[in-house]
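Colleague: For reference, the structure I am asking about is given below.
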Amino acid sequence: AAAGTWWICGEMMAACAVVYLLFKLLLQPHVPKVEVPLEDDAERMDELHGRRKLDPRTAHPRDAGAGRIQCWDPCTMDDLGVVEAFTPSRVHEAIRAARAAQGEWRKSTWEERRQLMRTMRRSLTDNMDAIVRVACRDSGKTKVDAMLGEVLTTCEKLRWLESSGARWLKPEWRESGLLNLHKSSRVEFHPVGVVGAIVPWNYPFHNVFNPLTAALFAGNAIVIKTSEYASWSTKYYGRLIQLCLQAAGAPRDLVQIVT
Numbered sequence: 001a002a003a004g005t006w007w008i009c010g011e012m013m014a015a016c017a018v019v020y021l022l023f024k025l026l027l028q029p030h031v032p033k034v035e036v037p038l039e040d041d042a043e044r045m046d047e048l049h050g051r052r053k054l055d056p057r058t059a060h061p062r063d064a065g066a067g068r069i070q071c072w073d074p075c076t077m078d079d080l081g082v083v084e085a086f087t088p089s090r091v092h093e094a095i096r097a098a099r100a101a102q103g104e105w106r107k108s109t110w111e112e113r114r115q116l117m118r119t120m121r122r123s124l125t126d127n128m129d130a131i132v133r134v135a136c137r138d139s140g141k142t143k144v145d146a147m148l149g150e151v152l153t154t155c156e157k158l159r160w161l162e163s164s165g166a167r168w169l170k171p172e173w174r175e176s177g178l179l180n181l182h183k184s185s186r187v188e189f190h191p192v193g194v195v196g197a198i199v200p201w202n203y204p205f206h207n208v209f210n211p212l213t214a215a216l217f218a219g220n221a222i223v224i225k226t227s228e229y230a231s232w233s234t235k236y237y238g239r240l241i242q243l244c245l246q247a248a249g250a251p252r253d254l255v256q257i258v259t
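Numbering of the sequence shown is given in UniProt numbering, commencing with residue 1 and proceeding in unit increments.
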């Protein structure tokens with residue numbers, strides 16, 4: 001009789017586990033798929049052929065002339081073309097656009113912000129090959145370095161923000177002290193508005209996504225100034241960010257990248 005009872009209990013526990021997993025699967029929010037189009041061979045191919053080679057002894061971002069930044073692959077010195085060098089007026093224009101978008105985003109719910117983190121995380125796995133290739137091309141690093149040091153760490157930060165970010169941004173009650181027993185004290189976290197980030201060249205992907213994920217989850221907009229030595233990759237990463245914002249229903253001007 002005892003053995004039969006244990007058998008029944010085991011079956012009930014297994015059935016409960018199956019039901020729990022099914023409910024968890026069915027109740028998971030839909031995460032939209034983001035596909036980023038590749039615009040040129042430098043984004044599509046691991047090896048380039050027929051490109052002009054720059055001289056490693058003299059190459060400089062200013063070589064393209066006023067208003068433009070010369071870009072190259074530091075590993076092969078292949079010419080990657082030019083990107084815009086923002087003027088002060090263009091920077092102010094980007095800040096104004098971000099500020100207008102933040103006025104709407106600051107009212108977003110925690111779930112809307114979580115959905116944006118989920119959308120970005122899925123986009124990283126769906127577009128991983130291109131993300132890694134572009135990071136390698138703009139920095140000269142290996143694919144292993146880009147995968148572990150840039151994509152994997154960014155995925156983990158997105159996962160943590162989705163699961164734990166709201167808990168750390170909720171109001172915190174604090175002790176008021178014996179002389180203030182008639183009062184209560186708490187700390188409230190509010191969006192600051194537009195965050196500015198000036199990032200270096202050595203992690204082209206991570207250094208863009210690292211500041212923007214935290215800023216967006218906290219209800220802010222962000223303007224990111226990338227290094228003139230890693231500006232080429234911002235064309236692809238900028239498209240990735242814009243498509244993620246659009247897919248998650250967030251204002252598209254929340255993130256501005258200036259070069």
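Here a beta-carbon is modelled for each residue, glycine too, at the ideal position from N, C-alpha and C. Quick caveat: nothing in here was measured; it's all calculated off a predicted structure.
Grab me the residues of Trp110's own chain with a C-beta within less than 6 Å of its C-beta, minus the 5 sequence neighbours each way, in chain order.
Modeller: Result list for Trp110: Ala166, in chain order.
Colleague: Report yes if the C-beta distance between Thr125 and Ala248 is below 8 Å; otherwise report no.
Modeller: Against a cut-off of 8 Å, the Cβ pair of Ala248 and Thr125 comes out as no contact.
Colleague: Please give me, in chain order, every unbroken run of the alpha helix (DSSP H) with length at least 4 that falls completely inside the segment 40 to 76.
Modeller: Listed in chain order, they are 41 to 44.
Colleague: If you follow the beta strand (DSSP E) that Arg252 is in, where does it begin and where does it stop?
Modeller: Segment: none, Arg252 is in no beta strand (DSSP E) and carries neither H nor E.
Colleague: Taking the beta carbon of Val192 as the centre, do at least 16 other beta carbons fall within 10 Å, making it buried, or is it exposed?
Modeller: Classification of Val192: exposed, given that the 10 Å Cβ count is below 16.
Colleague: When the Cα atoms are used, what is the spatial distance from Asp63 to Lys170?
Modeller: Cα to Cα, Asp63 sits roughly 49 Å from Lys170.
Colleague: According to DSSP, simplified to helix, strand and coil, what is Glu84?
Modeller: The answer is strand: DSSP assigns Glu84 an E or B state.
Colleague: How big is the Cα-Cα spacing for Gln246 and Arg239?
Modeller: Taking the straight line joining both Cα atoms gives about 11 Å.
Colleague: Suppose contacts are defined by Cβ-Cβ distances below 8 Å. Is Val255 in contact with Ile241 by that definition?
Modeller: Their beta carbons are under 8 Å apart, which means Val255 touches Ile241 by this criterion.
Colleague: I'd like the span of the alpha helix (DSSP H) that includes Lys143, first residue to last.
Modeller: Note, Lys143: alpha helix (DSSP H), 143 to 146.
Colleague: May I ask you to verify whether the segment 37 to 48 touches the segment 187 to 204, counting CB pairs closer than 8 Å and requiring at least 3?
Modeller: No, the segment 37 to 48 does not touch the segment 187 to 204.
Colleague: Helix, strand or coil: which one does DSSP assign to Val91?
Modeller: Residue state, collapsed to three classes: helix.
Colleague: Output yes or no for whether 8 Å exceeds the beta carbon distance between Met117 and Leu158.
Modeller: In this structure, Leu158 lies closer than 8 Å to Met117 by Cβ.
Colleague: Drop a sphere of 10 angstroms on the beta-carbon of Phe209, count the other beta-carbons inside from all chains shown, and report buried for 16 or more, exposed for fewer.
Modeller: It is buried - the Cβ of Phe209 has at least 16 other Cβ atoms within 10 Å.
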